[in-house]
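Using our numbering, count along the sequence shown one by one with no gaps and you end on 797. Every residue, glycine too, gets a C-beta built ideally from N, C-alpha and C. Keep in mind that this is a model prediction, so the values were computed, not measured. Data first, discussion second: the structure below is written as structure tokens.
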Amino acid sequence: MATTEAELLAATDKFATNLDRIDQIVNGDETTDVAVDGGREIPSFAKLAAENELSNSEALGARDEAVAAANGLASTLDYFPEIESANLADPARTDPALAATANQLWRFYQNAAGNMTTQDETARGTFAVLKRLPVTAGAQRTHSMKQGPANFIHYPVSGQLMFLKADGTTRVLAAADSGLNTHTVTFTPPADAVWWLPNVRNITNYANGTGKGITAAALAQVEATAMFNAGATALDYEPYAPAGARAPDTAQFQATVDAPITLEIRSDYTYVGRAAGASATYDVVDRLLTNEQPAPTLPATPAKTGVIDFQGRRRIAKGRRQKYMVPDFASGEVMQIGTDERTPIRINGVFLGASHKPSGYRLNFAGTSPFVHDKTNEDIGSTYTDTAGKSWMIVARESASALVVIATNTGPDDDKWIIGGTLTGATLTHAADGTNTGAMTGFVATAGHEPCPPIIRNLTKEIYADGVKIEIDAVGVYPCSSLRMIESYEIMNVAGQLAYLKANAGTATDPDYTNAAIGTQVIITDVHEWDRYGARVSTRTVRELENYRRTAFGNPGDYLAATQAQPAALTGDSPPGFATKKIVYVPRLSVTVGGYDLSARADLTANVAAFAVPKSAASDPANPPDYAASIGADGGGDLHGYIMGLRPNAGLGKPETRAAATNTLFYISGAEKLYGVAKDAAAGDGVAGDIDQIVGFIAPWAEADDDLTVPGALVPNGKGGYYCYVATTATLSGKAIPLPPELAGLSVSEHQSHPNITLLTDAVGKEGLILSVAAGGGDAIFEIGAS
11 MATTEAELLA ATDKFATNLD RIDQIVNGDE TTDVAVDGGR EIPSFAKLAA
61 ENELSNSEAL GARDEAVAAA NGLASTLDYF PEIESANLAD PARTDPALAA
111 TANQLWRFYQ NAAGNMTTQD ETARGTFAVL KRLPVTAGAQ RTHSMKQGPA
161 NFIHYPVSGQ LMFLKADGTT RVLAAADSGL NTHTVTFTPP ADAVWWLPNV
211 RNITNYANGT GKGITAAALA QVEATAMFNA GATALDYEPY APAGARAPDT
261 AQFQATVDAP ITLEIRSDYT YVGRAAGASA TYDVVDRLLT NEQPAPTLPA
311 TPAKTGVIDF QGRRRIAKGR RQKYMVPDFA SGEVMQIGTD ERTPIRINGV
361 FLGASHKPSG YRLNFAGTSP FVHDKTNEDI GSTYTDTAGK SWMIVARESA
411 SALVVIATNT GPDDDKWIIG GTLTGATLTH AADGTNTGAM TGFVATAGHE
461 PCPPIIRNLT KEIYADGVKI EIDAVGVYPC SSLRMIESYE IMNVAGQLAY
511 LKANAGTATD PDYTNAAIGT QVIITDVHEW DRYGARVSTR TVRELENYRR
561 TAFGNPGDYL AATQAQPAAL TGDSPPGFAT KKIVYVPRLS VTVGGYDLSA
611 RADLTANVAA FAVPKSAASD PANPPDYAAS IGADGGGDLH GYIMGLRPNA
661 GLGKPETRAA ATNTLFYISG AEKLYGVAKD AAAGDGVAGD IDQIVGFIAP
711 WAEADDDLTV PGALVPNGKG GYYCYVATTA TLSGKAIPLP PELAGLSVSE
761 HQSHPNITLL TDAVGKEGLI LSVAAGGGDA IFEIGAS
């Protein structure tokens with residue numbers, strides 16, 4: 011067990027006391043039989059020598075040994091120097107107005123008088139106040155929350171900051187120097203200010219409503235990881251240290267951990283950093299929302315499913331991710347923005363799972379008289395018809411002024427259900443079930459899936475770093491060589507859920523939306539693995555417990571997939587990226603798609619139309635392209651990018667399997683989000699007992715090569731080696747494809763060849779791969795190492 015600083019100091023003090031006692035014995039008055047120390051009798055040297063037959067030299071030798079031991083122990087304090095910290099925010103500070111973290115939640119300092127609102131999770135669930143911080147008038151300060159949970163920002167009072175004067179009651183507002191409504195704020199305290207009263211807000215993960223507001227745990231992390239320093243620039247985070255505090259000298263006690271993958275958990279978020287291929291300049295970091303908790307179903311049912319979401323990728327300077335990954339992500343160069351990369355399944359014409367639920371309508375009675383409805387829990391499960399005669403079921407009572415309805419099933423059975431359509435008119439007339447049967451009028455209907463009841467259940471999420479389970483909320487940094495996140499959930503039968511609600515109409519208690527009596531249609535298991543060179547591989551297994559329709563209508567129609575990915579962030583986005591163009595590339599197409607020649611690198615920056623890439627567009631429909639590239643570029647060329655697709659040696663990614671199972675290869679949204687399709691209506695309906703498996707991947711690069719569209723992106727092949735993806739539209743001779751030096755010496759073979767591309771080396775060398783490309787360019791997939 012390691013010795014703490016306090017234990018070392020205590021031991022040193024004890025040695026010093028013992029030295030004093032030995033000195034009394036050796037050098038004491040020999041005519042005195044005893045010396046008194048703290049009530050204890052200590053024999054004089056003469057008596058000690060007489061009774062123990064010790065010589066003077068032996069006693070002196072014992073004393074010298076004790077002195078040497080004490081001096082040696084005292085010298086260990088050299089390894090525990092005093093801490094020099096620029097952080098002025100003591101997370102353990104107290105605030106007389108806020109007795110505990112729980113008192114800080116769901117409120118803020120308001121208006122010029124500086125009153126603090128009452129706590130109200132239903133009205134102010136996204137707000138909180140930090141404990142007051144000491145300031146000096148005129149001394150500029152910067153407060154940064156970049157190291158803590160993402161999406162907390164500084165919230166102004168009337169567009170300004172609030173300060174407290176020395177009398178403890180007078181408050182004064184002052185403008186910030188910079189940074190309101192961001193992670194970081196800089197300000198100069200006004201005259202007579204002695205305390206700053208900070209407001210914060212989380213703008214993404216929390217909402218108004220019981221059980222939905224900011225948690226004490228999240229706010230405690232904000233307090234514990236805040237950086238508050240002098241000056242106009244936020245410094246790198248370092249822990250607060252009181253005067254005289256000591257800590258182990260990191261040069262002596264902290265070995266450099268240069269693990270290939272860095273996992274860091276912060277509140278609801280997880281960050282994963284690793285190398286960006288062979289780049290000597292950048293690492294790439296993914297941010298994931300991993301600890302989102304499914305929202306309560308009453309009084310509201312928002313779209314918080316709890317499923318893991320991928321929320322952006324950024325590049326940061328190499329060599330900093332072990333210590334500064336979270337703040338560097340907050341200020342890093344944005345490669346991808348956006349959320350909603352958790353991948354649903356689309357069956358029976360509806361997206362389900364991930365963040366998706368069947369769509370319905372929120373009926374808001376607050377805008378039009380009489381402003382309220384008369385429905386209670388007893389009316390959940392009752393049905394009404396609109397002015398066109400279509401049937402709708404009340405599935406949730408949000409409040410006295412809001413209800414949620416979903417169309418009833420018109421399908422051939424409960425498995426191959428058809429649920430959807432348009433609500434016509436502003437009157438719903440009672441048809442069956444329920445207690446309060448009056449017609450509903452005067453509402454405003456808004457379509458969407460967010461307010462609808464949950465459709466997934468038995469959600470589990472696990473994280474394993476080097477095979478060791480890490481709790482999903484275990485805040486900390488975990489360097490590792492392998493990282494897996496495993497997630498599983500059931501998707502209930504939507505028609506079965508409606509049938510259950512109907513059968514229990516008239517019940518006054520809250521509805522049980524996930525009751526065991528409701529059948530499970532499919533079970534989805536995802537295994538996400540990160541590779542040391544940047545790629546993420548997602549293996550999805552779909553176990554089908556009931557039949558379902560796999561329809562061809564819509565774009566892309568019903569389908570299975572393992573990944574979907576947001577496009578490159580542009581300079582005009584929020585937060586801004588560093589690209590000005592969005593380029594999409596799909597290899598081996600023989601015709602234009604959606605008006606674009608994707609195999610020649612299409613600039614889709616101005617595109618707003620969604621379109622599909624059909625299998626029929628492939629040069630060889632029997633061996634269709636299995637990946638697409640999204641690239642951020644500017645007027646000078648490519649800047650960064652990624653490929654996403656299906657691993658060609660597994661499950662539905664095998665060329666012959668995919669050729670038979672799909673009509674559509676990829677789907678591109680109007681915002682250029684990419685969807686990879688592994689199975690669609692070409693394979694027919696889903697059949698109970700079937701098991702489908704898809705191995706998808708996303709492999710980013712942080713720097714571009716002017717000669718290459720895809721510059722040697724590496725994807726694990728599942729057998730200990732790598733696929734290396736190369737594509738170009740240029741003519742090249744002796745072109746080197748840089749690869750990480752750890753791969754040097756491994757064999758290279760062609761997995762997917764191209765007549766224009768000639769591999770000139772049989773093994774990875776110092777320069778990586780070397781190849782030549784004939785006029786017209788092309789794409790190839792090489793296999794490195796085990797194959």
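Which whole-angstrom value describes the C-beta separation of G680 and N617, a residue pair presumed to lie in contact below a C-beta threshold of 8 Å? 7 Å
Leaving out five residues on either side along the sequence, give the residues of the same chain with a beta carbon under 6 Å from the beta carbon of Y677. P566, A622, Y685
Would you call A509 buried or exposed, if buried means 16 or more other Cβ atoms sit within 10 Å of its Cβ? buried
Consult DSSP for A340 and reduce its assignment to one of helix, strand or coil. helix
Between which residues of its own chain and T456 is the CB-CB distance below 8 Å, once the five residues before and five after are set aside? Y371, R372, N374
Touch check for the stretch 241-255 and the stretch 202-214: three-plus C-beta pairs under 8 Å? no
Would the stretch 390-403 count as touching the stretch 423-437 if we require 3 or more Cβ pairs under 8 Å? yes
G812 versus N419: straight-line alpha-carbon distance, rounded: Look at the range of the chain in this structure, 11 to 797, and you will see that residue 812 is not part of it.
Considering Q321, what are the terminal residues of the beta strand (DSSP E) in which it resides? 319-327
As a quick exercise: from T451, R323, S492, pick the residue whose alpha carbon is nearest that of S379. T451
Can you name the start and end residues of the beta strand (DSSP E) that R151 belongs to? 151-154
Indicate whether the contact test is met: 3 or more Cβ pairs, each with one atom in the stretch 280-297 and one in the stretch 314-323, closer than 8 Å. yes
Measure the CB-CB distance between T194 and T152 and report whether it falls below 8 Å. yes
Does the stretch 455-474 come into contact with the stretch 362-371, if we say contact requires no fewer than three beta-carbon pairs (one atom in each stretch) closer than 8 Å? yes
Do the stretch 541-555 and the stretch 705-720 make contact, defined as three or more Cβ pairs closer than 8 Å? yes
Between S629 and R598, which are expected to be in contact by the criterion C-beta below 8 Å, what is the C-beta distance as a whole number of angstroms? 5 Å
By Cβ distance, which residues of its chain are closer than 7 Å to N97, with the 5 residues on each side in sequence left out? M237, F238, N239, E248, P249, Y250
Which of the three DSSP states, helix, strand or coil, is assigned to V596? coil
Quick check: the Cα distance between T311 and G529, rounded to an integer number of angstroms? Low local confidence applies: a pLDDT of 48 at T311 is under 50, so the model's placement there is unreliable, and no value is given.
Identify which residue in V532, Y558, M403 has its Cα closest to the Cα of L511. M403
Classify L174 as buried or exposed, calling it buried when 16 or more other Cβ atoms lie within 10 Å of its own Cβ. buried
Considering only DSSP beta bridges, list what N212 is partnered with. F162
Between which two residues does the beta strand (DSSP E) harbouring R657 extend? Premise fails: R657 is in no beta strand (DSSP E) and is neither H nor E.
Nearest to L190 by alpha carbon, out of S154, A160, V736? S154
Top-ranked residue by Cα proximity to A109, from A133, V139, M502: V139
Within 8 Å, do at least three Cβ pairs link the stretch 514-523 to the stretch 489-500? no
Between K426, L662, E793, A288, which has its C-alpha nearest D695's C-alpha? K426
CA nearest to the CA of H761, picked from N727, D384, G448, T280: N727
Within the same chain, show all residues whose beta-carbon is closer than 7 Å to that of Y732, passing over the 5 residues directly before and after it, in chain order. L724, V725, P726, I794, G795
Just mark E233 as buried or exposed, buried being the case when its beta carbon has 16 or more other beta carbons within 10 Å. buried
Going by DSSP, what residue range makes up the beta strand (DSSP E) through K512? Careful: K512 lies outside any beta strand (DSSP E), inside the alpha helix (DSSP H) at 504-513.
Between G604 and the rest of its own chain, which residues show a CB-CB distance below 6 Å, the 5 nearest in sequence each way excluded? F621
Same chain, Cβ closer than 6 Å to D338, five either side skipped, listed in chain order: I326, R330
By the DSSP assignment, the beta strand (DSSP E) with A455 in it spans what residues? 454-458
With 16 as the cutoff for other CB atoms within 10 Å, does F162 come out buried or exposed? buried
Any heavy atom of the ligand NAD closer than 7 Å to the beta-carbon of T220? Summarising the ligand content, the structure contains no ligands, and the ligand NAD is consequently not present.
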